[in-house]
């Protein structure tokens with residue numbers, strides 16, 4: 505006889521090591537350790553960015569340039585609270601950029617990255 509079953513569970517929002525699994529079936533089958541295939545059952549990664557990329561649209565001097573950043577989190581990214589303990593928005597700080605005439609700001613606008621060049625050689629953004 506083969507018994508197969510499964511279920512859905514919600515994981516924690518923090519890192520967790522793999523589970524040490526045991527199985528038992530009442531008093532007729534003794535509790536025995538189970539093989540945790542690939543040591544993956546119960547293992548949870550810490551919340552993090554799984555993709556981190558940065559690039560720029562041009563290397564030409566004295567032109568408007570775009571810094572393009574790609575971040576892919578493995579969970580909902582919210583780092584700031586609404587004052588009542590609920591995390592409602594994510595705040596990202598990028599430091600170390602030098603060589604610009606644009607002043608530092610904490611309320612910078614976010615633009616889509618350029619994806620083309622027009623007839624004048626200017627960068628264009630579709631959409």
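Residue numbers (the working numbering): 505 to 631.
Note that CB positions come from ideal geometry on N, CA and C, so glycine has one too.
Any idea what DSSP makes of residue i, helix, strand or coil?
{"i": "residue 576", "result": "strand"}
{"i": "residue 541", "result": "helix"}
{"i": "residue 508", "result": "coil"}
{"i": "residue 529", "result": "strand"}
{"i": "residue 553", "result": "strand"}
{"i": "residue 567", "result": "coil"}
{"i": "residue 686", "result": "Lying outside 505 to 631, the shown extent of the chain, residue 686 is not represented and no answer is given."}
{"i": "residue 621", "result": "strand"}
{"i": "residue 514", "result": "coil"}
{"i": "residue 628", "result": "strand"}
{"i": "residue 600", "result": "coil"}
By alpha-carbon positions, which one of the options ends up nearest to residue i?
{"i": "residue 596", "options": "573, 604, 514", "result": "573"}
{"i": "residue 527", "options": "549, 535, 521", "result": "535"}
{"i": "residue 602", "options": "588, 560, 618", "result": "560"}
{"i": "residue 551", "options": "575, 571, 565", "result": "575"}
{"i": "residue 567", "options": "583, 513, 509, 626", "result": "626"}
{"i": "residue 564", "options": "579, 604, 593, 588", "result": "604"}
{"i": "residue 581", "options": "588, 594, 587", "result": "594"}
{"i": "residue 537", "options": "525, 529, 606", "result": "525"}
Leaving out five residues on either side along the sequence, give the residues of the same chain with a beta carbon under 8 angstroms from the beta carbon of residue i.
{"i": "residue 548", "result": "515, 516, 518, 519, 520"}
{"i": "residue 615", "result": "570, 629"}
{"i": "residue 529", "result": "none"}
Who are the Cβ neighbours of residue i in its own chain at under 7 angstroms, not counting the five residues just before and after it?
{"i": "residue 618", "result": "561, 570, 627, 628, 629"}
Kindly examine the ligand PLP and report whether one of its heavy atoms sits closer than 7 angstroms to the Cβ of residue i.
{"i": "residue 530", "result": "Here there are no bound small molecules, and the ligand PLP is not part of this structure."}
In chain order, what residues of the same chain lie with their CB nearer than 6 angstroms to the CB of residue i, ignoring the 5 residues before and after it?
{"i": "residue 577", "result": "553"}
{"i": "residue 523", "result": "545, 546"}
{"i": "residue 583", "result": "594, 595"}
Are there three or more Cβ pairs, one per stretch, closer than 8 angstroms when the stretch 555-568 is compared with the stretch 539-547?
no
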